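Below is one structure, written out as structure tokens, with a few remarks after it.
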Amino acid sequence: MVLIPEKIKQLIRKEKAFVVGTADKMGIPNVSPRTTFFLAPDGTIYWLELFKHKTYRNFQTNPWCSITVFDKKRLGGYQIKGKVQVVIDKKTKADITARIIDRLTREHKQRILKENKNPHLVKFVPKIFYSLNPNELSDSPLGLEATEESLNAANMQW
């Protein structure tokens with residue numbers, strides 16, 4: 090796992106939303122916003138997968154995805170690439186799901202719990218991050234996990 094810099098964590102907390110990008114087994118892209126999430130101190134990001142549609146199905150065949158968070162006023166942001174897994178440990182799922190739901194507005198809670206009484210909890214482990222700021226080089230990672238898998242995903246070599 091690569092450590093996410095504090096300025097990126099602050100942007101995620103400030104914006105309270107990010108976009109998840111996935112691809113299906115044919116390589117067809119999908120993007121979907123997320124607002125029901127928890128940013129752990131170590132930089133792991135958890136979110137509730139409420140509807141189990143395209144994004145969730147894509148996770149089943151390809152665990153790689155990207156998260157994009159941006160500040161539209163400053164025209165800048167970051168893309169984080171990493172791998173996801175559905176959390177199956179009951180204690181972890183209950184603890185983090187409760188943290189996420191506690192942060193939601195009452196109206197949002199009621200709608201979510203009415204529509205889906207047992208949402209999946211997804212764990213995103215960051216591997217690579219890039220700047221989306223216009224004045225910075227966006228095709229070179231600002232940080233990445235030093236593994237062959239992450240280097241390949243970033244189109245880099247040892």
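Its first residue numbered 90, the sequence shown is counted upward by one per residue in our numbering. Glycine is no exception: its CB is placed at the ideal position from the N, C-alpha and C atoms. Values in this document were obtained by computation on a predicted structure and should not be read as measured data.
It is roughly 6 Å from the alpha-carbon of K170 to the alpha-carbon of K216. Where L100 is concerned, the enclosing alpha helix (DSSP H) starts and stops at E95 to E104. In this model, E234 and L240 are separated by some 8 Å (Cα to Cα). Taken through DSSP and simplified to helix, strand or coil, S229 comes out as coil.
For N207, the three-state secondary structure derived from DSSP is coil. The beta carbon of K182 is closer than 6 Å to those of V176 and L210 in its chain, skipping five residues each way along the sequence.
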